[in-house]
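Be aware that the sequence shown starts at 1, since it is given in UniProt numbering, and climbs by one per residue. Each residue gets a CB set at the ideal place from its N, CA and C atoms; glycine is no exception.
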Amino acid sequence: MSHEIPFLKAPDQAVFRDHLETKVAHWIRQWDGQERLLAGIIGIPLSKSSISLSGASATPAAIRAAFKSFTTYSMEYGVDLQDLAVRDLGDIHMHVTDIAECHRRIEESLRALYKEQPGMIPIIFGGDHSTSCPSLKAFVDRYPGQKVGILHFDAHHDVRNFEDGGVTNGTPFRGILESGVVDGHNIVQIGIRGFMNAKPYHDYVKSKGVQVYTSRDVRRLGMDAVLDQALLHAGDGTEALYVSFDVDVIDQAFAPGCPAIGTGGMNPWDALDALYRLGSLSTVQGLDFVCIDPTIDVRNVTSRLAVQLMLSFLAGVAAR
Ligand code: CA
């Protein structure tokens with residue numbers, strides 16, 4: 001176009017912009033393949049491995065869409081995140097039909113990435129929870145000869161048997177425990193809820209030494225007291241900690257866009273505080289958010305919640 005048309009802007013520029021304000025979408029740019037990162041966003045758009053119908057593969061896109069809804073500044077934590085080297089690395093490309101191949105790709109891709117970026121904290125957005133097993137296998141290999149602990153926030157134990165359906169979003173911790181990639185004594189499950197799990201699975205995790213704090217425990221003891229104990233277990237003899245956060249740990253009133261909703265779940269304030277505290281600990285070196293289904297969400301509130309949880313974690317990282 002040879003003549004400029006007054007007030008006519010390109011589609012991606014025709015938006016209100018306050019020059020004093022930095023949005024998360026402006027801050028978390030695409031990684032250039034070179035920059036050394038403090039933390040990197042990685043999408044894993046896989047949900048064909050979900051037991052119930054799930055559009056969790058749409059989560060990475062919904063998360064990125066929510067980046068424009070938040071600023072980088074928090075007066076609550078006294079921090080502006082905009083100078084932290086946090087970038088978007090993109091999505092791991094999934095096979096269309098072969099779930100085992102998808103899991104293999106997750107492991108291979110993350111291994112290569114961790115070799116390239118040895119100090120980077122991965123912040124992974126699933127996908128469903130099946131992605132956490134290959135993700136953990138790659139993560140543990142960053143610490144050869146050393147042990148890793150896991151803080152697992154979830155309504156469910158996620159240790160279903162393999163006989164009734166193979167490797168699914170109901171089995172990641174069965175896979176982790178059976179493969180021995182992480183010792184059960186260094187795994188803590190927080191927010192597990194009644195009437196959503198079968199007794200054999202509770203018995204199974206206890207038999208493996210996993211510490212379990214139910215959602216009711218969190219409410220009665222308080223999140224800080226639960227985390228005090230959880231960090232002792234997960235951190236006992238371990239070099240690094242990984243946080244796996246299934247968003248269905250949050251009460252259905254605040255996280256309607258999860259396939260497995262239920263009441264009596266954790267409240268967002270406890271989760272925000274927990275992620276800030278975990279972010280502030282130098283031992284916490286990896287984080288994933290899983291099992292959001294944006295296709296059933298209401299005004300993207302569940303993806304927005306996950307973004308706020310991520311921002312609280314990064315505010316903690318900034319305070320290290
Ligand atoms: Ca789960």
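| query | result |
| --- | --- |
| Just checking residue 246 against ligand 1 - is the residue's beta carbon closer than 6 Å to any of the ligand's heavy atoms? | yes |
| From the DSSP secondary-structure annotation, give me the bridge partner or partners of residue 41. | 88, 123 |
| What did DSSP end up calling residue 22 once you bin it into helix, strand or coil? | coil |
| Among all the DSSP beta bridges, which residues are the ones paired with residue 288? | 124, 244 |
| Buried or exposed: where does residue 67 fall if 16 or more other Cβ atoms within 10 Å of its Cβ makes it buried? | buried |
| How is the beta strand (DSSP E) around residue 189 delimited, first residue to last? | 187-192 |
| Please name the residue in 106, 185, 143, 58 whose C-alpha comes closest to that of residue 236. | 185 |
| Distance check for residue 125 and residue 55, CA to CA, integer angstroms please. | 13 Å |
| Would the beta-carbon of residue 88 fall within 7 Å of that of residue 30? | yes |
| Would you report the Cα separation of residue 301 and residue 258, rounded to the nearest angstrom? | 11 Å |
| With the cut-off set at 7 Å, would you say residue 249 and residue 155 are in Cβ contact? | yes |
| How about residue 318 and residue 148: are their beta carbons less than 7 Å apart? | no |
| Have a look at residue 94 and residue 5 and give me their C-alpha separation to the nearest angstrom. | 43 Å |
| Check whether the Cβ atoms of residue 130 and residue 244 lie closer than 7 Å to each other. | no |
| At which residues does the alpha helix (DSSP H) containing residue 316 begin and terminate? | 301-318 |
| Of the choices 189, 34, 292, whose alpha-carbon is the least far from that of residue 305? | 292 |
| Considering only heavy atoms of ligand 1, does any lie closer than 6 Å to the CB of residue 154? | yes |
| Where does the unbroken alpha helix (DSSP H) through residue 140 begin, and where does it stop? | 132-140 |
| Would residue 179 be called buried (16 or more neighbouring beta carbons within 10 Å of its own) or exposed? | exposed |
| From the DSSP output, read off the bridge partner residues of residue 79. | 74 |
| What is the residue span of the beta strand (DSSP E) that residue 279 lies within? | It is not in any beta strand (DSSP E) - residue 279 instead sits in the alpha helix (DSSP H) that spans 268-279. |
| Less than 6 Å between C-beta atoms, sequence neighbours within five positions excluded: which residues of the same chain meet that for residue 160? | 170, 171 |
| For the candidate residues 295, 19, 140, 98, whose alpha-carbon lies nearest to that of residue 110? | 140 |
| Could you say which of 224, 138, 12 lies nearest to residue 103 if we only look at CA atoms? | 138 |
| Looking at residue 288 and ligand 1, is the gap between the Cβ and the nearest heavy atom below 6 Å? | no |
| How about residue 280 and residue 222: are their beta carbons less than 7 Å apart? | no |
| Do residue 215 and residue 272 have their C-beta atoms within less than 7 Å of each other? | no |
| Measure the beta-carbon distance from residue 62 to residue 294 and round it to whole angstroms, keeping in mind my assumption that it falls under 8 Å. | 4 Å |
| Kindly indicate the opening and closing residues of the beta strand (DSSP E) around residue 99. | Taken as a continuous stretch (DSSP letters only), residue 99 belongs to no beta strand (DSSP E), being part of the alpha helix (DSSP H) at 99-116. |
| Between residue 285 and the rest of its own chain, which residues show a CB-CB distance below 6 Å, the 5 nearest in sequence each way excluded? | 121, 240 |
| Can you check which of these residues, 21, 219, 163, 226, is closest to residue 264 by C-alpha distance? | 219 |
| If you draw a straight line from the alpha carbon of residue 310 to that of residue 213, how long is it in whole angstroms? | 22 Å |
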